[in-house]
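**Q** After the structure tokens below, expect a handful of questions from me.
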Amino acid sequence: MSYKFPLTGLAREGKLSLTQQLVDRFAAAIEHGDLAPGEKLPPTRTLAADAEINHLTAARVYRKLAEEGYVTATVGRGTFVRALVPAAAEAQGDDWQSYVLPDRQASYQEEILSDAFRLAHEEGMISLATGFPSPRFHPTDELAEISAQMWADEGKDAISYTTPEGLLGLRERIAEGGKKRGFAEGPEEIIVTSGCQQAIDVAVRAIVEPGDVVVVESPTFVGTLAALRSTGARVIGIPVDENGFDVDALEHVLTRHEVKLCALQPACQNPTGTDLAPERRSRLTQLALERNFFVLEDGVYGDLRYDGKKLDALRRQAPGHVVHVNSLSKVVGGGLRIGWIAARGPVLERMTMLKQGTDFHTSTPIQHIAARYLATNAYARNIDESLPYYRERRDVLMDALATHLEGEVHADVPHGGHHVWVTLNRPVEERMFYSEAVRHGVSFTPGGAITVDRPQRTSFRLSFSLLEPEDLEEGVRRLARALREVRRSSRTAVAAPLS
Ligand SMILES: Cc1ncc(COP(=O)(O)O)c(C=O)c1O
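Letter 459 of the sequence shown, counting from 1, is numbered 458 in numbering that gives the first Met the number 0, and no numbers are missing.
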């Protein structure tokens with residue numbers, strides 16, 4: 000590589016170090032435009048050879064230039080001149096952004112998630128990957144009526160700023176449900192959030208610091224995994240069996256680590272549809288009380304129950320230790336973005352501050368509408384109407400698995416929620432199976448995208464809430480064909496992959 004300024008002729012015995020002399024020359028070249036913004040500098044080994052300095056000195060030159068803001072270094076890509084002037088930005092398009100942005104590649108989870116949204120709308124594709132509530136249960140007529148009345152009654156107040164914890168009227172309605180189900184005692188314990196995802200994000204950011212140890216049920220909801228990982232915590236997965244989160248495994252982790260937070264869905268868990276067994280529920284809260292860690296209880300699917308009796312929220316057993324998160328998304332509609340956190344003590348104050356720093360507060364008119372909606376009996380009616388519809392689809396999917404994948408898979412009947420967790424009796428390469436399934440016109444959520452560690456077995460989540468019975472049946476038929484194809488082309492059964 001040739002330089003646009005001289006590198007040789009350095010004063011080897013002068014007062015100024017070799018490093019500083021080279022830093023000055025590079026800085027001058029950048030300031031005079033001899034080195035253009037975005038331009039790649041030679042590797043340190045080349046610089047060392049050309050300037051007749053050792054490699055360490057060359058590395059020091061680039062480090063110092065980076066500290067002084069002249070260059071940016073990206074592992075694996077190299078060192079680039081910073082501080083684009085607008086004209087140069089135009090000339091080079093937007094490529095410069097990848098040099099300036101932190102070095103970050105999309106994770107397997109993120110790829111799968113964006114695939115799920117994309118494939119859900121692809122012509123001819125049967126998406127068993129998305130488990131949104133069916134639009135047929137979105138209460139649009141009721142909401143239209145409520146909205147019109149809300150604007151007429153609340154006037155300009157409805158569009159003003161409100162407090163970060165949310166409208167008192169809505170918090171009161173949420174707390175009424177909380178008293179019945181055990182997740183809250185009163186409105187002072189509630190923060191309204193923009194969906195349950197924000198509730199999870201705010202809660203983990205309030206509780207967890209980089210380097211902390213957190214445990215989470217595995218498999219779980221992809222958004223919980225993403226939120227936990229973004230804190231820089233060490234995330235340990237705890238298996239889920241037919242009795243829910245394995246508390247023995249948690250106890251084992253507790254013998255070796257100081258756990259800060261334990262995240263789980265104790266009822267109708269996504270993706271397994273299991274409930275945490277009564278004995279495990281009390282042991283978990285007892286452990287939280289003895290060892291002083293927080294429990295993050297996600298209740299979004301708790302009301303969508305097909306079998307068994309409704310469970311009290313875990314928070315009733317340990318209200319100071321359990322932070323409950325929930326939303327209207329799975330019953331009323333995810334687009335409303337109304338969720339909440341129920342907690343007490345200093346953690347509640349921390350979360351309120353974080354909520355304020357994130358978006359000040361959740362949309363005021365939507366909070367008014369949600370409060371009015373919850374004041375009617377429409378929520379309970381919606382659940383009653385939707386349960387038979389979802390139960391029928393769950394049963395069709397279970398039957399289709401038994402018919403088309405007999406002897407190939409194991410799947411427990413979910414007690415609630417929108418998903419079935421399926422495990423192959425003989426593993427295959429997960430990505431290969433996924434690609435083959437998509438080629439056959441069906442998509443699903445691969446287990447590797449929603450488990451903490453590289454899974455030993457091949458599992459996947461199938462969601463049934465959005466599909467008609469005949470499409471569920473056809474989707475499983477396609478899956479079976481894809482599996483046969485994978486087995487044919489690869490006789491070597493290996494555990495699921497993850498980079
Ligand atoms: C278990 C679980 N928790 C939280 C969420 C996020 O819910 P929301 O749409 O209210 O943000 C989801 C969404 O799928 C979920 O499945």
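Built from N, CA and C at the ideal position, the CB exists for glycine as well.
Just so it is clear, the structure is predicted and the values come from calculations on it, not from any experiment.
(1) I'd like the list of long-range same chain contacts for H500, defined as Cβ closer than 7 Å, with 5 residues on each side in sequence excluded.
(2) Under 8 Å by Cβ, that's how I've got G17 and T73 pegged, so tell me the actual separation to the nearest angstrom.
(3) To which residues of the same chain is T230 closer than 8 Å at the C-beta, ignoring the five residues directly before and after it?
(4) Taking the CB atoms as reference points, tell me whether H317 and A287 lie closer together than 8 Å.
(5) Cβ of D394 within 7 Å of any heavy atom in ligand 1?
(6) Give the single residue among T162, S126, H120 whose Cα lies nearest to the Cα of E348.
(7) Determine the closest residue to D552 out of T363, R438, E384, with distance taken between C-alpha atoms.
(8) Would you say the beta carbon of S326 comes nearer than 7 Å to a heavy atom of ligand 1?
(9) Where in the region 288-366 do unbroken runs of the beta strand (DSSP E), each at least 3 residues long, occur, reported from the N-terminal end onward?
(10) Check the C-beta distance from A436 over to L404 and give it rounded, since I have them as a contact under 8 Å.
(11) Less than 6 Å between C-beta atoms, sequence neighbours within five positions excluded: which residues of the same chain meet that for D49?
(12) Rounded to the nearest angstrom, what separates S97 and E67 at their Cα positions?
(13) Can you give the Cα-Cα distance for M350 and S488, rounded to whole angstroms?
(14) How would you label A86, buried or exposed, when you count the other beta carbons within 10 angstroms and need 16 or more for buried?
(15) According to the Cβ coordinates, are S326 and A115 closer than 8 Å?
(16) Give a single yes or no on whether Q108 has its beta carbon closer than 7 Å to a heavy atom of ligand 2.
(17) Is the beta carbon of I540 within less than 7 Å of some heavy atom of ligand 1?
(18) Taking only three categories from DSSP, how would you classify V213?
(19) Do Y305 and L386 have their C-beta atoms within less than 8 Å of each other?
(20) Would you verify that the beta carbon of G222 is, or is not, closer than 8 Å to some beta carbon of chain C?
(21) Tell me where the alpha helix (DSSP H) around V437 begins and ends.
(22) Is any heavy atom in ligand 1 found nearer than 7 Å to the beta carbon of F220?
(23) Which residues share a DSSP beta bridge with L423?
(24) Quick one: is the Cβ of Y300 within less than 7 Å of any heavy atom of ligand 1?
(25) May I ask you to report which of helix, strand or coil DSSP gives A370?
(26) Mind the definition here: the region 213-222 touches the region 249-267 only if three or more C-beta pairs lie below 8 Å; say whether that holds.
(27) For the beta strand (DSSP E) that contains V80, what are its first and last residues?
(28) Please determine, among W420, A399, A448, the residue with the shortest C-alpha to C-alpha distance to G222.
(29) Roughly how many angstroms lie between the CA atoms of K63 and G92, to the nearest whole one?
(30) For ligand 1, any of its heavy atoms closer than 7 Å to the Cβ of C195?
(31) Could you tell me how far apart the beta carbons of H367 and E153 are, in whole angstroms, since I believe they sit closer than 8 Å?
(32) From P41 to G13, what does the alpha carbon distance come to, in whole angstroms?
(33) Buried or exposed: where does V84 fall if 16 or more other Cβ atoms within 10 Å of its Cβ makes it buried?
(34) Give every residue of the same chain whose Cβ lies closer than 6 Å to the Cβ of A468, excluding the five residues on either side of it in the sequence, and list them in chain order.
(35) Just to check, is the beta-carbon of N376 closer than 7 Å to a non-hydrogen atom of ligand 1?
(36) Taking 7 Å as the line, does the beta carbon of D499 fall inside it for any heavy atom of ligand 1?
**A** According to the structure shown:
(1) Here the chain covers residues 0 to 498 and nothing more, so residue 500 does not appear.
(2) Translated into positions along the sequence shown, residue 17 becomes position 18. Translated into positions along the sequence shown, residue 73 becomes position 74. Here residue 17 turns out to be Leu, not Gly, going by the sequence shown. The Cβ separation is near 25 Å, so there is no contact.
(3) Within the sequence shown, numbered from 1, the residue matching residue 230 stands at position 231. Non-local C-beta neighbours of T230 in its own chain, meaning closer than 8 Å and more than five positions away in sequence, comprise V203, R204, V207, E208, P209, D211, V213, ordered along the chain.
(4) Taking the first residue of the sequence shown as position 1, residue 317 is located at position 318. Taking the first residue of the sequence shown as position 1, residue 287 is located at position 288. Going by the sequence as given, residue 317 is Ala instead of His. A contact, by the Cβ cut-off of 8 Å.
(5) Reading the sequence shown from its first residue, position 395 is the one you call residue 394. No, ligand 1 has no heavy atom inside 7 Å of this Cβ.
(6) Residue numbering aside, residue 348 sits at position 349 when the sequence shown is read from its first letter. Among T162, S126, H120, the Cα nearest to that of E348 belongs to T162.
(7) As shown, the chain starts at 0 and ends at 498. That puts residue 552 outside it, with no answer to give.
(8) One-based indexing of the sequence shown puts residue 326 at position 327. It does: the Cβ of S326 is within 7 Å (strictly closer) of some heavy atom of ligand 1.
(9) You should have 293-297, 321-326, 338-341.
(10) Within the sequence shown, numbered from 1, the residue matching residue 436 stands at position 437. Within the sequence shown, numbered from 1, the residue matching residue 404 stands at position 405. Contact doesn't hold; Cβ gap of about 12 Å is too wide.
(11) Position 50 of the sequence shown, counted from the first residue, corresponds to residue 49. Taking C-beta separations shorter than 6 Å and ignoring five residues to either side along the sequence, the partners of D49 in its chain run L6, following chain order.
(12) Locating residue 97 in the sequence shown gives position 98, where the first residue counts as 1. Locating residue 67 in the sequence shown gives position 68, where the first residue counts as 1. Answer to the nearest angstrom: the Cα atoms are 20 Å apart.
(13) Your numbering for residue 350 matches position 351 in the sequence shown. Your numbering for residue 488 matches position 489 in the sequence shown. Computed Cα separation, rounded: 52 Å.
(14) Counting from 1 along the sequence shown, the entry for residue 86 is found at position 87. A caution first: A86 carries a pLDDT of 48, below 50, which makes its placement in the model too unreliable to give a value.
(15) In the sequence shown, residue 326 corresponds to position 327, counting from 1. In the sequence shown, residue 115 corresponds to position 116, counting from 1. When the beta-carbon positions are compared, S326 and A115 stay at least 8 Å from each other.
(16) No copy of ligand 2 occurs in the structure displayed; its ligands are ligand 1 alone.
(17) As shown, the chain starts at 0 and ends at 498. That puts residue 540 outside it, with no answer to give.
(18) Here residue 213 corresponds to residue number 214 of the sequence shown, with the count starting at 1. Three-state DSSP puts V213 in a strand.
(19) Along the sequence shown, one-based indexing puts residue 305 at 306. Along the sequence shown, one-based indexing puts residue 386 at 387. Yes, these two residues count as a Cβ contact at 8 Å.
(20) Given the protein chain composition of this structure (a single chain), no chain C is represented.
(21) Numbered from 1 along the sequence shown, position 438 holds the residue referred to as residue 437. Counting along the chain, the alpha helix (DSSP H) containing V437 begins and ends at 429-438.
(22) Counting from 1 along the sequence shown, the entry for residue 220 is found at position 221. It does: the Cβ of F220 is within 7 Å (strictly closer) of some heavy atom of ligand 1.
(23) For this step, residue 423 is matched to residue 424 along the sequence shown. Paired residues: V408.
(24) Taking the first residue of the sequence shown as position 1, residue 300 is located at position 301. Under cutoff, so the answer is yes.
(25) Taking the first residue of the sequence shown as position 1, residue 370 is located at position 371. The three-state reading of DSSP puts A370 in helix, counting H, G and I together.
(26) The region 213-222, when compared against the region 249-267, does touch it at the 8 Å Cβ threshold.
(27) Against the sequence shown, residue 80 aligns to sequence position 81. Residues 77-80.
(28) Numbered from 1 along the sequence shown, position 223 holds the residue referred to as residue 222. Minimum Cα-Cα distance from G222 among the listed residues W420, A399, A448 corresponds to A448.
(29) The count along the sequence shown starts at 1 and reaches residue 63 at position 64. The count along the sequence shown starts at 1 and reaches residue 92 at position 93. So the alpha carbons of these two residues sit roughly 28 Å apart.
(30) Against the sequence shown, residue 195 aligns to sequence position 196. True, at least one ligand heavy atom lies under 7 Å from that Cβ.
(31) On the sequence shown, residue 367 is found 368 positions in, with the first residue counted as 1. On the sequence shown, residue 153 is found 154 positions in, with the first residue counted as 1. Contact flag correct, Cβ pair sits at about 6 Å.
(32) For the purposes of this step, residue 41 is taken as residue 42 along the sequence shown, with counting starting at 1. For the purposes of this step, residue 13 is taken as residue 14 along the sequence shown, with counting starting at 1. It is roughly 26 Å from the alpha-carbon of P41 to the alpha-carbon of G13.
(33) Sequence index remark: in the sequence shown, residue 84 carries index 85 (1-based). At V84, the pLDDT of 41 sits below 50, so the modelled position is not reliable and the matter cannot be decided from this model.
(34) If you number the sequence shown from 1, residue 468 lands on position 469. The sequence shown places Pro at residue 468, not Ala. The residues V395, in chain order, have a CB closer than 6 Å to that of P468 in the same chain once the five nearest residues on each side in sequence are set aside.
(35) The sequence position of residue 376 within the sequence shown is 377, counting from 1. Checking every heavy atom of ligand 1 against the Cβ of N376, none is found closer than 7 Å.
(36) Absent from the structure is residue 499, since the part of the chain shown begins at 0 and ends at 498.
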